[in-house]
Amino acid sequence: MQKTVIEKLFQRYIAAFHQQNMAETQQCYQLPCTLHTPDKVVLIDNEEAFKREFIDIFTVLSHAEIKNFVPLKSSFSVLKDDLVLACIDWQFIDSKDEVFTDFSAFYHLLLKEGQWRIFNVVSQELSQSIDLNTPFNIAYKSAYSISV
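Sequential numbering of the sequence shown, starting at 122, is according to my numbering.
Encoded structure:
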């Protein structure tokens, strides 16, 4: 049951991300939330801050002509009934079918009002990836490839 729900969350997330759909992307997050990269930490505590941060992210992806997001592997562990840690290894593919970037992202998920949402993302080098208790799949190829 939890595996299916987690898979559906990330399928919605990747679809919204590919379409650069701000409202749908935000539906996958619980505010406030934090985004961590090796370069910075961002606290997003309201809708306006969310929009600003994701406009920046979507702009970078557009300029890099990212056409596909490939989940190399994904797994999760249940920490509590309402708390899950997920790890997804990503490759972002550009319009020349070359890897623009690859990294491992750790997602902290919270069950609130019957919905799983992301409240923390930590992106690290791919070498930091870990296998958690339960592998899961994210459908992505034909349905979510971007035409550039």
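Heads up, the beta-carbon is just placed ideally off N, CA and C, and yes, glycines get one too.
By the criterion of a C-beta distance shorter than 6 Å, residue 222 is surrounded in its chain by 213, once the five residues flanking it on both sides are discounted. Taking a C-beta distance under 9 Å as the contact criterion, residue 209 and residue 138 do not qualify as a contact pair.
When DSSP reads this structure, residue 201 sits in a beta bridge with 204.
Judged by DSSP in its simplified three-state form, residue 259 adopts coil rather than helix or strand. Contact between the segment 239-254 and the segment 146-157 is present, with at least three C-beta pairs closer than 8 Å.
Proximity of the segment 170-187 to the segment 254-261 falls short of the contact definition, fewer than three beta-carbon pairs being nearer than 8 Å. With 16 or more other Cβ atoms inside 10 Å of its own Cβ, residue 195 counts as buried.
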